[in-house]
Amino acid sequence: MNRMNALGVVGGCAVALLSSCSTFGPGIGKTQTFYVGPAMADCVGVGPMTCLMVKQSPESDYQMFSSPIHGFDYVSGYEYKLRVRVIERVTVPVDGSRYIHELIEVVSKTPAGIALEGTTWELVGRISRSKVFVRFENGTVTGSGGVNRFSGGYVLTGSSIKMGKTASNMMAAPQKLMDQELQFLGALEQAASYKIVGEELRLFNADGRKVLAFSPAVPDETALPVAMKVKE
1 MNRMNALGVV GGCAVALLSS CSTFGPGIGK TQTFYVGPAM ADCVGVGPMT
51 CLMVKQSPES DYQMFSSPIH GFDYVSGYEY KLRVRVIERV TVPVDGSRYI
101 HELIEVVSKT PAGIALEGTT WELVGRISRS KVFVRFENGT VTGSGGVNRF
151 SGGYVLTGSS IKMGKTASNM MAAPQKLMDQ ELQFLGALEQ AASYKIVGEE
201 LRLFNADGRK VLAFSPAVPD ETALPVAMKV KE
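Per UniProt numbering, residue 1 is the first one in the sequence shown, and the count goes up by one each step.
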């Protein structure tokens, strides 16, 4: 979706509050097919929020869709084909949608090009030239805190993630890099859920506060020990 289309959709979302941010036909009480994209997008409803990206045919462009689909357990990194029942409310809440969307069936769930697992994620906002990254795969998380390599375990349940303790080697580096690594590993162990918004991975603690954000790493950027490359 280009920038102008996105702005138009977000503007409509602000007017319609939490109703569908799309031009979908009503299909009242009927079954509709929704195609749901692999990443959410920042949008505006009653306030700032994240929206599903939905379309009603494979050839269409994704549109922001802020209404919940009841019974649908969304996990970033997958493309879905859904059968959904759309019901019109008799009384519309002030801050609610005119329509209720209920999941009937997940027809298909296909891994997309970018997903939590199998992608090397580099920390957003890291100290210049330091390489702070993670990779989640088959229950093992590995990466670098900017000085030392580390590894640990994790368990996924939908969009929830439970992190285990991490272990790392003991290389030394300038104090600002050591501080960054300590804060990073501490935040990583707090992670309780995740979202992929666009191409950004966001980790949240148990209170729902964002603690870390990552972008896909550039190939070969994480290959060498960073403590040998960064000077104070």
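Heads up, the beta-carbon is just placed ideally off N, CA and C, and yes, glycines get one too.
Here's a check: name, in chain order, each residue in its chain whose Cβ is nearer than 6 Å to the Cβ of residue i, leaving out the five neighbours to either side.
{"i": "L203", "result": "A191, Y194, V211, L212"}
Counting only the same chain and skipping the five closest in sequence on each side, list residues whose C-beta sits under 8 Å from that of residue i.
{"i": "V218", "result": "E122"}
{"i": "T50", "result": "M40, A41, D42, C43, K195, V197"}
{"i": "G125", "result": "A213"}
Considering only C-alpha positions, which residue in the set the options is nearest to residue i?
{"i": "E59", "options": "G71, R149, E200, G37", "result": "G37"}
{"i": "G152", "options": "E200, Y78, N169, E199", "result": "N169"}
{"i": "S66", "options": "R83, P48, E79, E137", "result": "P48"}
What residue range does the beta strand (DSSP E) around residue i cover?
{"i": "D42", "result": "41–44"}
{"i": "N34", "result": "A quick correction: the sequence has Phe, not Asn, at residue 34. From DSSP, the beta strand (DSSP E) with F34 extends over 30–36."}
{"i": "T120", "result": "120–123"}
{"i": "T142", "result": "140–145"}
{"i": "L52", "result": "48–55"}
{"i": "P216", "result": "210–216"}
If you draw a straight line from the alpha carbon of residue i to that of residue j, how long is it in whole angstroms?
{"i": "T91", "j": "P68", "result": "17 Å"}
{"i": "M64", "j": "T142", "result": "33 Å"}
{"i": "residue 235", "j": "Y154", "result": "Examination of residue 235 is not possible in this model, given that the chain is present from 1 through 232 alone."}
{"i": "S97", "j": "M53", "result": "17 Å"}
{"i": "G198", "j": "G208", "result": "19 Å"}
{"i": "S130", "j": "K55", "result": "40 Å"}
{"i": "Y62", "j": "F34", "result": "10 Å"}
{"i": "L103", "j": "K30", "result": "12 Å"}
{"i": "E200", "j": "A206", "result": "20 Å"}
{"i": "S215", "j": "D179", "result": "21 Å"}
{"i": "E137", "j": "L156", "result": "11 Å"}
How far does the alpha helix (DSSP H) with residue i in it extend, from its first residue to its last?
{"i": "M178", "result": "175–190"}
Based on the DSSP output, what are the partners of residue i in its beta bridges?
{"i": "P111", "result": "Y78"}
{"i": "S160", "result": "T157, S193"}
{"i": "T166", "result": "G152"}
{"i": "I69", "result": "H101"}
Tell me which same chain residues have a C-beta within less than 7 Å of the C-beta of residue i, skipping the five on either side of it?
{"i": "G77", "result": "P38, P111, A112, I114, A115, L116, I196"}
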